[in-house]
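>
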Amino acid sequence: MTEKQFRLYDSLSRKVKPLITAEPGHLRFYTCGPTVYSYAHIGNFRSFLSADLVVRTALAIGWKVTWVSNITDVGHLTDDDIADATGEDKMEKALRSKEGEQFHNVWELAEYYEAAYREDWKLLNLVEPDVRPKATQHVREQILAAEELIEKGFAYETPTGVYFSVDKFPGYGKLSGNTQESLRKGVRDVVLDENKKDQSDFAIWKKDDKHLMQWFSPYGWGFPGWHIECSVMARAYLGDTIDLHSGGEDNKFPHHECEIAQSESLTGKPFCEHWSHTAFLQVNGQKMSKSLGNFYYVRGLMAKGADPLAIRFALISGVYRKNLNFTDQGLEDAKTNIDRFRRADIAVAEALESGSNGADTVGAELEDLYGQALDAMLSDLNTPIAISKALEGAKIITRETLSLESAKSGERFLNLVNDLLGIVRHPEDMVMVEESKTSTADEARILERIEARKAAKVAKDWGLADSIRQELLNESIVLTDNSDGSVSWSST
RNA sequence: GGUGCCGUGCCCAAGUGGCCUAAGGGGUCGGUCUGCAAAACCGUUAUUCGGCGGUUCGAAUCCGCCCGGCACCUCCA
196 MTEKQFRLYD SLSRKVKPLI TAEPGHLRFY TCGPTVYSYA HIGNFRSFLS
246 ADLVVRTALA IGWKVTWVSN ITDVGHLTDD DIADATGEDK MEKALRSKEG
296 EQFHNVWELA EYYEAAYRED WKLLNLVEPD VRPKATQHVR EQILAAEELI
346 EKGFAYETPT GVYFSVDKFP GYGKLSGNTQ ESLRKGVRDV VLDENKKDQS
396 DFAIWKKDDK HLMQWFSPYG WGFPGWHIEC SVMARAYLGD TIDLHSGGED
446 NKFPHHECEI AQSESLTGKP FCEHWSHTAF LQVNGQKMSK SLGNFYYVRG
496 LMAKGADPLA IRFALISGVY RKNLNFTDQG LEDAKTNIDR FRRADIAVAE
546 ALESGSNGAD TVGAELEDLY GQALDAMLSD LNTPIAISKA LEGAKIITRE
596 TLSLESAKSG ERFLNLVNDL LGIVRHPEDM VMVEESKTST ADEARILERI
646 EARKAAKVAK DWGLADSIRQ ELLNESIVLT DNSDGSVSWS ST
């Protein structure tokens, strides 16, 4: 087997280049996870989905993947806290909000939203990471890192905390382009902290004995800075130098810039060889923002009847490096496509049961299409191309009357496509065990009506047949006459 | 004010110097099938890529200006 190259845009060198792993065939990958102070919205999931697709693509070419995706369960601050820590803590703020009333404390709140996040993760059919470390489980290492950075002269203590001295790290700004010079040029209201040596210095530890989550450190009571958590966790699970690090485009600066500065100062080695950032999702042409109140959540969309796989499909239907516009129409389009895969899946299952003898008429073509889909993914995750190839394959499967041999090829194709893109079916069939809103009594009545309509059809009483169909339609029950004369129904 | 990204048919969205007289999906319209529907299948739908100039034998793709949208600029994926 020839070695496949996985080409991926690298935000650091600003070009598409092969993803190189330190250990051949083993990708060590870190993804910045959410702060669990609220439900993760579909914008969050868009960036997690990019990471998921990287993992799936790597697995598809036979790589081993060690994937770490953290959970930020320390609140940090909502506002600029440079001066005096008046910025509110996100978790504390959430606790005081209306939704927060149900929780006794921040820990409970974090636990609740973490569980919700994991549920949504599964619903959208993302691959499970190997490790999901939590910031609060690694506070000790974060304190040790702070001490070591002070010892090595990269950080210093002030009355308000421990700060990283940006001037000590010449490469600061290489990822985001926000070098010291360009930062100084930008005129912006910045709260001044006269204790800091440079206004660009960032917090590794915040002193605060009023904080709802606090730990004791050599600097007294307080809590760790946001950036140090990822530096520490990446190192703990993946080593000093990792192959790939991903996150949303907003993470690039300051978060990832600061991670690089801290980690490389700590180890003296390159922190990460390849950086990947996902562009923001827009909703109905607008930015998702609190002020516009247009946040979409997985559970909210599902409550309105959305199929989670369709949500997934809609979120990966554009290339990850460009803004994608999420609309209701887009979700409907996605649903139509997901149904195509489902039908192909069913056609294959049926043909595997009762397929006729005969040659495999689709195998070669399907194999070719899968190859093209995989190539598209290997080419900087070109999901639109990959999806179009997958759809072509599904079309071929549904079009033909499948022989047993063809069905086997179809099954192989759909399995491969599902492994690569996750849009054919859920692994555990957890999908909608259709909480049948219809009771068995209802069901008996519906079946009785269907029989009545059949009788009317035999009698060629089309008026009666149609009125029965309409009657059921009024109850949101759709009848479908199949080509073999049977009738199926579904409630919408 | 600084930095970066983007603008493709009715909608979503690939393509980033010649294989583009521009993928794929949705929708539309026409057809096959079916009592009629639905589904499925076949065909149709951009001489054109925000505007204006320029470079080139050749541009949606490169350059300039303009218009429009987005992101980051110290803790929002």
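Residue 464 in this note's numbering sits at position 269 of the first sequence, and the numbers go up by one each step. Quick reminder that beta carbons are idealized off the backbone N, C-alpha and C, glycines included.
Could I get the ranges of all uninterrupted beta strand (DSSP E) runs contained in the segment 221–262, with 3 residues as the minimum, in chain order?
The qualifying runs are 221–226.
> Which residues mark the beginning and the end of the beta strand (DSSP E) in which Arg-202 is found?
Per DSSP, Arg-202 belongs to the beta strand (DSSP E) from 202–205.
> My assumption, with CB atoms under 8 Å, is that Leu-597 sits in contact with Gly-588. Please give the rounded CB distance.
Between Gly-588 and Leu-597 the Cβ distance is about 13 Å, and since that is not below 8 Å, they are no contact.
> Please report the straight-line C-alpha distance between Gln-200 and Ser-208, rounded to a whole angstrom.
Their backbone Cα atoms lie some 18 Å apart in a straight line.
> Apart from the five residues just before and just after Asp-540, which ones in its own chain have a Cβ nearer than 8 Å to its Cβ?
The answer, listed in chain order, is Leu-609, Val-619, Arg-620.
> I'd like to know if the segment 523–531 and the segment 568–577 are in contact, where contact means that at least 3 CB-CB pairs between them fall below 8 Å.
No contact exists between the segment 523–531 and the segment 568–577.
> Is it the case that the Cβ atoms of Ser-245 and Thr-473 are separated by a distance below 8 Å?
The answer is yes: Cβ separation under 8 Å.
> Which one of Thr-230, Leu-407, Asp-502 has the shortest CA to CA distance from Gly-442?
The shortest C-alpha separation from Gly-442 is found at Thr-230.
> Between the beta-carbon of Glu-336 and the beta-carbon of Ala-431, is there less than 8 Å?
Yes. Within cutoff.
> When DSSP labels each residue in this structure, what does Ala-350 get in the three-state scheme?
Three-state result, Ala-350: strand.
> Could you check whether the segment 356–372 touches the segment 396–414, counting it as contact only if at least three pairs of C-beta atoms, one from each stretch, sit closer than 8 Å?
Yes, the segment 356–372 touches the segment 396–414.
> Do you know offhand how far Ala-341's Cα is from Phe-475's?
So the alpha carbons of these two residues sit roughly 32 Å apart.
> Work out the CA separation of Leu-504 and Gly-417 for me, nearest whole Å.
Their Cα atoms are separated by approximately 42 Å.
> Over the uninterrupted beta strand (DSSP E) stretch that includes Asp-676, give me the two end residues.
Looking at the DSSP string, the run of the beta strand (DSSP E) that includes Asp-676 is 672–676.
> Using the DSSP secondary-structure output, state which residues sit across from Trp-400 in a beta bridge.
According to DSSP, Trp-400 bridges with Val-357, Pro-419.
> Restricting to runs no shorter than 3 residues, where is the beta strand (DSSP E) found entirely within the segment 442–493?
470–473, 476–478, all fully within the segment 442–493.
> Taking the continuous alpha helix (DSSP H) assigned at Leu-290, which residues delimit it?
Residues 285–291.
> Taking 7 Å as the limit between beta carbons, can you name the residues of its chain near Phe-508, skipping five residues before and five after?
Same-chain partners within the cutoff: Ala-529, Asn-532, Ile-533, Ile-618.
> Buried or exposed for Glu-389, going by 16 or more other Cβ atoms inside 10 Å?
Glu-389 should be labelled exposed.
> Following the continuous alpha helix (DSSP H) through Asn-320, name the residue where it begins and the one where it ends.
Asn-320 -> no alpha helix (DSSP H), and no H or E assigned at all.
> At the level of alpha carbons, what is the spacing between Leu-318 and Thr-252?
The straight-line gap from Cα to Cα measures roughly 20 Å.
> Could you name the residues of the same chain whose beta carbon sits closer than 7 Å to that of Ile-345, not counting the 5 residues immediately before and after it, in chain order?
These residues qualify, in order along the chain: Tyr-351, Glu-352, Val-357.
> Using 8 Å as the threshold, is the C-beta distance between Phe-224 and Leu-510 below it?
Result no, Cβ atoms of Phe-224 and Leu-510 do not sit closer than 8 Å.
> Leaving out the 5 sequence neighbours to the left and right, which residues in its chain are closer than 7 Å to Ala-647 when beta-carbon positions are compared?
Closer than 7 Å at the Cβ level, and outside the excluded window around Ala-647, lie Ile-663.
> Please say whether Ala-554 and Ala-602 have beta carbons closer to each other than 8 Å?
Not in contact: Ala-602 and Ala-554 (Cβ atoms no closer than 8 Å).
> Any heavy atom of the ligand GTP inside 7 Å of the beta-carbon of Glu-218?
This structure lacks the ligand GTP; in fact it carries no ligand of any kind.
> At what residue ranges does the segment 532–601 contain a whole run of the alpha helix (DSSP H), taking only runs of 4 or more?
Within the segment 532–601, the complete alpha helix (DSSP H) runs of at least 4 residues are 558–573, 578–594.
> Considering only C-alpha positions, which residue in the set His-236, Tyr-204, Glu-218, Pro-219 is nearest to Met-497?
Of His-236, Tyr-204, Glu-218, Pro-219, the residue nearest in Cα terms is His-236.
> Taking the alpha carbon of Asp-315 as the point to measure from, which residue in Ile-338, Arg-516, Glu-666, Tyr-491 has its own alpha carbon closest?
Nearest C-alpha to Asp-315: Tyr-491.
> In whole angstroms, give me the CA-to-CA distance for Gln-297 and Arg-291.
Approximately 10 Å between the Cα atoms of the pair.
> Taking DSSP's pairing of strands, which residues face Phe-521 in a bridge?
BP columns for Phe-521 point to Val-478.
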